[in-house]
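Residues in the sequence shown are numbered consecutively from 1, following the UniProt record's numbering.
Every residue, glycine too, gets a C-beta built ideally from N, C-alpha and C.
Note that the structure is a prediction, hence the values are computed from the model and not measured.
Here is the structure we will look at.
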Amino acid sequence: MPNRTAVRVVAHRGSSGAVPEHTLAAYRRAIEEGADALECDVRLTADGHLVCVHDRRVDRTSNGRGVVSTLELAQLAELDFGSWREEALPPEEPEAPDRDPELPVPGGRLPDPERSSVLTLERLLELVADAGRRVELAIETKHPTRYAGRVEAELLRMLHRFGLVGQDPRQPDGAGPGPVRIMSFSQLSLRRVREAAPSIPTVFLMERLPLRFRDGSLPRGVEIAGPGIELVRANPGFVARLHRAGHRVHVWTVDDPADVELCLRLGVDAIITNRPREVLDQLGR
Ligand code: G3P
Ligand code: CA
Numbered sequence: 001m002p003n004r005t006a007v008r009v010v011a012h013r014g015s016s017g018a019v020p021e022h023t024l025a026a027y028r029r030a031i032e033e034g035a036d037a038l039e040c041d042v043r044l045t046a047d048g049h050l051v052c053v054h055d056r057r058v059d060r061t062s063n064g065r066g067v068v069s070t071l072e073l074a075q076l077a078e079l080d081f082g083s084w085r086e087e088a089l090p091p092e093e094p095e096a097p098d099r100d101p102e103l104p105v106p107g108g109r110l111p112d113p114e115r116s117s118v119l120t121l122e123r124l125l126e127l128v129a130d131a132g133r134r135v136e137l138a139i140e141t142k143h144p145t146r147y148a149g150r151v152e153a154e155l156l157r158m159l160h161r162f163g164l165v166g167q168d169p170r171q172p173d174g175a176g177p178g179p180v181r182i183m184s185f186s187q188l189s190l191r192r193v194r195e196a197a198p199s200i201p202t203v204f205l206m207e208r209l210p211l212r213f214r215d216g217s218l219p220r221g222v223e224i225a226g227p228g229i230e231l232v233r234a235n236p237g238f239v240a241r242l243h244r245a246g247h248r249v250h251v252w253t254v255d256d257p258a259d260v261e262l263c264l265r266l267g268v269d270a271i272i273t274n275r276p277r278e279v280l281d282q283l284g285r
């Protein structure tokens, strides 16, 4: 019988099915919706800040153009990371009857910097610190090999600043994972994290069944496996092999209710989804 309460629900790029991904509003909504954890991707700007952006370039998710690592934070701060999604979304609230008709409000919405500004990791950590409840973080390093360890160094510096390194990963309120885990498709990146901060759990992300690890083993020291849902659908027995080898299994990106049921049947430990509220509803939480 699947355990519908133990599985962690992780908001992928925030509540990104409803709100522009990686914006403060997307994460605030995920917290309000009851997500157990927040997933985010981090990239380094030209002047050394970690920002929550998925793609190498800003073109898809903003009104600007260019490569994140060649832009400074001040340049990113001038871009609109929200309006690219607004047309596709229903209006958030019915239009107020007394609104001044002269007000230039694109798409019938009040401009909201929380939905449109680039989000720094620092700001996201502040949001989590102020959440008023335990919210876990699953932070993914993107293409870190290019930066010779600078992404991991800056990430760990920031986590230290917020007191998130060196905590006992087994919290007194339950045997769940620690409040922060670091994920990557790059074994090199995970190794750097483990060497610098062995107390932080790491997640090895996998898009395809890795030949070397098809028996359920993982790179040395990695506790958690992060297979994509397509991999799990095609190889459901892989989850059991990972569990037998002593690993937790966090599956991404699970939005379809049938895939949620599959994950429950297989007993995965976390479901990473763009639609945390819908998944929580399906779990009866
Ligand atoms: O949570 C892992 C997942 O986010 C990896 O894929 O492309 O969405 O970063 P991607
Ligand atoms: Ca990611």
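When distances are taken from the beta-carbon of D41 to the heavy atoms of ligand 1, the shortest one is below 6 Å. For E140, the distance from the CB to the nearest heavy atom of ligand 2 is below 6 Å.
Taking a cut-off of 8 Å for Cβ pairs, the region 72-86 and the region 214-225 do not touch, as fewer than three such pairs fall below it. Three or more Cβ pairs closer than 8 Å define a contact, and the region 145-162 meets that threshold against the region 121-132.
Taken through DSSP and simplified to helix, strand or coil, S184 comes out as strand. The three-state secondary structure of V193, taken from DSSP, is helix. Annotation for A240: the continuous alpha helix (DSSP H) segment containing it runs G237 to R244. Residue pairing for I271: DSSP places it in a beta bridge opposite V9 and V251.
At a cut-off of 6 Å, the beta-carbon of I272 counts as near ligand 1: some heavy atom of the ligand is closer than that.
With a contact defined as Cβ atoms closer than 8 Å, D269 and H250 qualify at about 6 Å. Our two residues, A46 and A196, have alpha carbons roughly 23 Å apart in a direct line.
Just so you know, the alpha carbons of G228 and F185 end up roughly 11 Å apart.
When the alpha-carbon of L137 is set against those of A240, A11, R212 and L266, the nearest one is in A11.
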